[in-house]
């Protein structure tokens with residue numbers, strides 16, 4: 001989708017500007033259970049980064065720690081150059097779209113969008129201007145007096161986005177915003193939402209378990225599994241050069257062969273020989289002397 | 301076809317049971333309302349002729365009218381105090397894990413289990429000892445105690461069912477905790493508050509045991525007044541007063557139905 005982002009695989013080059021979001025050794029443990037372990041990540045200004053992984057991988061926990069709803073066990077969180085680790089949610093410069101949208105049912109659409117501006121003490125006339133500006137942006141200005149219950153799922157999602165963006169937050173947080181929509185609507189709303197996010201250029205952290213969404217929307221993807229980062233990279237890197245067996249297995253369609261390496265070639269347990277100099281397949285170190293490989297079939 | 305007879309039998313028995321329940325529930329109020337409209341001098345059903353003379357009589361009876369006002373005042377005061385204390389308790393028990401939480405819950409609900417007579421004797425002793433015997437305040441404390449379990453229970457359920465993401469969304473939109481409570485949590489709990497309020501008022505308004513123990517001359521509630529009245533006379537004034545109470549209850553229920561919808565509240 002976007003081509004001109006820095007190659008983050010070589011560390012150091014990402015340091016050109018101060019990151020909007022900085023996670024430094026972030027961990028969350030519930031007793032003996034590890035939800036997130038030692039996660040470090042810099043998100044640059046205007047970047048769209050996805051946290052991708054199966055359920056229970058810690059991606060939602062990470063997002064909720066950034067928003068301030070969960071207190072990390074260890075590590076630090078910085079937003080727009082400010083250490084917010086100890087700050088409550090309402091003192092963090094983030095705007096969040098919840099999985100169920102969480103629109104206030106007792107307020108109209110316009111009141112929902114105005115809520116954050118009121119808390120910031122924005123003057124009434126300016127508030128109204130901003131509210132209608134936001135609602136025009138998501139093409140729902142004509143429904144500003146409706147209650148959320150009178151809107152479709154897709155419309156509710158757009159209101160939630162308008163409400164989160166009304167405060168012009170430094171960081172937009174999206175918690176699986178498409179998971180409650182049917183498949184057809186999902187793709188269309190995904191495109192609508194990215195168009196708006198791109199236009200505003202807001203830095204975005206997006207949580208999803210849907211690899212297609214992550215691959216289609218992101219500048220960079222953080223693949224997570226059981227609380228740990230498996231790989232951080234662009235969609236292309238993640239897809240073409242998975243750094244672990246888990247990533248290869250989780251992203252796209254692939255065949256994984258177990259086997260051993262000898263004589264500049266890989267030999268599978270069934271005797272299939274693949275010479276080293278011929279991609280498209282990759283080697284992953286397995287346990288002890290075993291080596292496994294993911295050979296990717298189609299490239300769709 | 302023969303194998304169907306147990307089903308038939310059960311269906312018929314079901315309808316019969318249902319009818320019986322409705323009849324036993326509705327008949328007493330119907331008899332009271334009917335008897336109140338009598339033109340005769342004794343409380344009988346069916347009434348001997350129709351007239352509103354006993355309503356006139358009831359309105360003229362200052363003892364009844366004072367008791368009615370007393371019951372209303374006490375009921376509303378107990379309701380508001382009980383809602384305030386009960387919400388604070390329910391909110392604390394829902395949101396925080398602290399030492400003695402279960403003990404507090406059990407204590408708040410205990411008046412449901414302790415016989416009201418026992419509670420009445422104990423409270424009478426206690427209030428007298430601390431100088432609140434024979435006061436409206438003492439009576440009020442008693443009524444708050446017996447209404448509290450209903451309030452705590454109802455609001456605890458409402459809080460448990462409340463989707464926390466609304467409060468998180470509000471906090472994310474820069475609302476400080478007291479703003480979240482005032483503009484999001486409390487409005488979303490309104491049906492729970494109405495429900496708890498009705499329970500509290502009805503329990504207080506109908507209570508007789510505690511009001512006898514803690515009441516004093518000039519502070520008789522309506523049930524106490526009705527009870528004393530029956531001891532020396534048995535005329536249709538009683539039926540008229542009771543009918544007014546029934547009408548009041550129905551009006552409250554209808555008003556809430558209009559405002560919130562009964563299915564949400566109860």
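Residue numbers (this note's numbering), protein chains in the order written: chain A, 1 to 300; chain B, 301 to 566.
Glycine included, C-beta positions come from ideal geometry on N, C-alpha and C.
Looking at the DSSP output, residue 82 (chain A) shares a beta bridge with A:79. Taking 8 Å as the CB threshold, residue 487 (chain B) lines the interface with chain A. Rounded to whole angstroms, the Cβ separation of residue 329 (chain B) and residue 546 (chain B) is 6 Å, and the two are in contact under 8 Å. In the structure shown, residue 310 (chain B) adopts helical secondary structure according to DSSP, grouped into three states. Contacts with chain A at 8 Å (Cβ-Cβ) include residue 474 (chain B).
With respect to residue 190 (chain A), residue 213 (chain A) sits close: the two C-beta atoms are nearer than 8 Å. For residue 396 (chain B), the nearest beta carbon of chain A is not closer than 8 Å to its own beta carbon. Taking CB atoms only, residue 132 (chain A) has no neighbour in chain B less than 8 Å away. Sixteen is the threshold: when 16 or more other Cβ atoms of the shown chains lie within 10 Å of the Cβ of residue 520 (chain B), as they do, the residue is buried.
Collapsing the DSSP output to three states places residue 23 (chain A) in a strand. C-alpha of residue 430 (chain B) to C-alpha of residue 393 (chain B): approximately 29 Å in a straight line. For residue 67 (chain A), the neighbours in chain B by C-beta distance under 8 Å run, in chain order, 468 and 472.
The CB of residue 465 (chain B) comes closer than 7 Å to the CB of 98, 100 and 102 in chain A, given here in chain order. The three-state reading of DSSP puts residue 71 (chain A) in coil, since its state is none of H, G, I, E or B. A distance of 8 Å or more separates the beta carbons of residue 43 (chain A) and residue 70 (chain A). According to the DSSP assignment, residue 230 (chain A) belongs to the beta strand (DSSP E) that extends over 228-233.
Annotation: the continuous alpha helix (DSSP H) that includes residue 458 (chain B) extends over 436-461. Counting other Cβ atoms within 10 Å of its Cβ, residue 458 (chain B) reaches 16 or more and is therefore classed as buried. With a threshold of 8 Å between beta carbons, residue 73 (chain A) makes no contact with chain B. Taking residue 368 (chain B) as the centre and dropping the five residues before and after it, the same chain places the C-beta of 522 closer than 7 Å to its C-beta, in chain order. The C-alpha of residue 96 (chain A) lies about 22 Å from the C-alpha of residue 126 (chain A).
Of the candidates A:136, A:68 and A:74, the residue whose Cα lies closest to the Cα of residue 88 (chain A) is A:68.
In the structure shown, residue 175 (chain A) adopts extended strand secondary structure according to DSSP, grouped into three states.
Residue 178 (chain A) is outside the set of residues whose beta carbon lies under 8 Å from a beta carbon in chain B.
For residue 40 (chain A), the secondary structure class from DSSP, reduced to helix, strand or coil, is strand. With respect to the 8 Å criterion, residue 53 (chain A) and residue 40 (chain A) are not classified as neighbours on the basis of their beta carbons. At the C-beta level, residue 167 (chain A) and residue 204 (chain A) stay beyond 8 Å of one another. Secondary structure of residue 247 (chain A) (DSSP, three-state): helix.
Not one beta carbon of chain B lies nearer than 8 Å to the beta carbon of residue 29 (chain A). Interface annotation, residue 484 (chain B): in contact with chain A, CB-CB separation under 8 Å. Cβ contact annotation for residue 208 (chain A) (same chain, cutoff 7 Å, sequence separation greater than five): 50, 52, 176 and 214, in chain order. Residues of chain A with a Cβ closer than 8 Å to the Cβ of residue 312 (chain B) do not exist, since the nearest Cβ in that chain sits about 43 Å away. Near chain B, meaning a CB-to-CB distance below 7 Å, the residues of the region 119-149 of chain A are 119 and 120.
At a cut-off of 8 Å between C-beta atoms, residue 94 (chain A) counts as an interface residue with respect to chain B. Residues of chain B whose Cβ lies closer than 9 Å to the Cβ of residue 163 (chain A) are, in chain order, 469 and 473. Collapsing the DSSP output to three states places residue 241 (chain A) in coil.
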